[in-house]
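What follows is one structure encoded as structure tokens, with my remarks underneath.
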Amino acid sequence: MTMTYEEFGVQAASIRDALLAISKTVDSSGLEKTLTELIKLRASQLNGCDFCIELHLSISRKIGISEEKIEFLSEWRKTDLFNPRERAALALTEKLTSLNDAITNVEASPETVFTSAEIVYLIATIGTINSWNRIAVGLQFPSSRSANGNHINMPNPE
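Just so we're aligned: the sequence shown equals residues 21 to 178 in the numbering used here.
See the structure below:
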């Protein structure tokens with residue numbers, strides 16, 4: 021089944037609104053927007069969600085995440101571009117996105133750089149983007165360039 025983001029919003033407005041409400045709650049929690057966008061982009065990479073990758077690349081650039089960080093996000097462990105909070109959040113993102121026991125070598129325990137409240141919001145962010153990824157992949161949301169090359173307006177999540 022193929023569906024656009026807009027069609028999903030019409031058919032499942034309450035689900036869309038609930039997921040957006042979680043994101044807005046996290047945004048008002050005090051966590052850095054750059055941190056939550058890195059989480060969303062990394063989870064989307066891991067899940068192979070082209071629609072979400074494109075959306076969060078655009079947002080990341082808009083809020084000032086450097087092209088260098090974006091370029092090296094998938095290799096974050098091999099560079100010193102990411103600060104301790106970003107490293108801990110990315111490690112947690114990978115662990116919770118894959119749910120793979122093999123990923124146990126966490127750079128820093130989240131507790132060493134985040135408060136317990138921040139960890140709750142990080143986990144909510146990771147869970148929410150994973151839900152969006154699965155919805156977008158399952159419904160085959162087209163990215164901004166459809167197969168025929170026509171531009172599709174990406175949603176504004178803010």
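Glycine residues also receive a C-beta, built at the ideal position from the N, C-alpha and C atoms.
Relative to the alpha-carbon of residue i, which residue among the options has its alpha-carbon at the smallest distance?
| i | options | result |
| --- | --- | --- |
| I42 | F161, I149, N153 and L159 | I149 |
| S49 | N153, E27, A111 and T135 | T135 |
| K60 | G29, I90 and E27 | I90 |
| R97 | I85, L110 and S86 | L110 |
Under 8 Å between the Cβ atoms of residue i and residue j?
| i | j | result |
| --- | --- | --- |
| P162 | V133 | no |
| T181 | I83 | The structure shown does not extend to residue 181, since the chain is modelled only from 21 through 178, so no value can be given for it. |
| A63 | T117 | yes |
| P130 | L119 | no |
| I79 | E57 | yes |
| D101 | Q65 | According to the sequence shown, residue 101 is Leu rather than Asp. No, the Cβ-Cβ distance between L101 and Q65 is not below 8 Å. |
Considering only residues of the same chain and omitting the five flanking positions on each side of residue i, which have a CB-CB separation below 8 Å?
| i | result |
| --- | --- |
| N168 | Because N168 sits at a pLDDT of 44, beneath the cut-off of 50, its placement in the model cannot be relied upon, and the point is left open. |
| L51 | E138, Y141, L142 and T145 |
| V46 | T56, Y141, A144, T145 and T148 |
| L159 | M21, T22, M23 and F28 |
Excluding the 5 residues preceding and the 5 following residue i in the sequence, name in chain order all residues of the same chain whose CB lies nearer than 6 Å to its CB.
| i | result |
| --- | --- |
| K53 | I83 |
| V157 | C69 |
| S34 | none |
| I85 | T54 |
Enumerate in chain order the residues of its own chain whose CB-to-CB distance from residue i is below 7 Å, with the five nearest sequence positions on each side excluded.
| i | result |
| --- | --- |
| E87 | none |
In chain order, each alpha helix (DSSP H) run of at least 4 residues that lies wholly inside the segment 85-141:
DSSP runs (the alpha helix (DSSP H)) wholly in the segment 85-141: 87-92 and 104-118.
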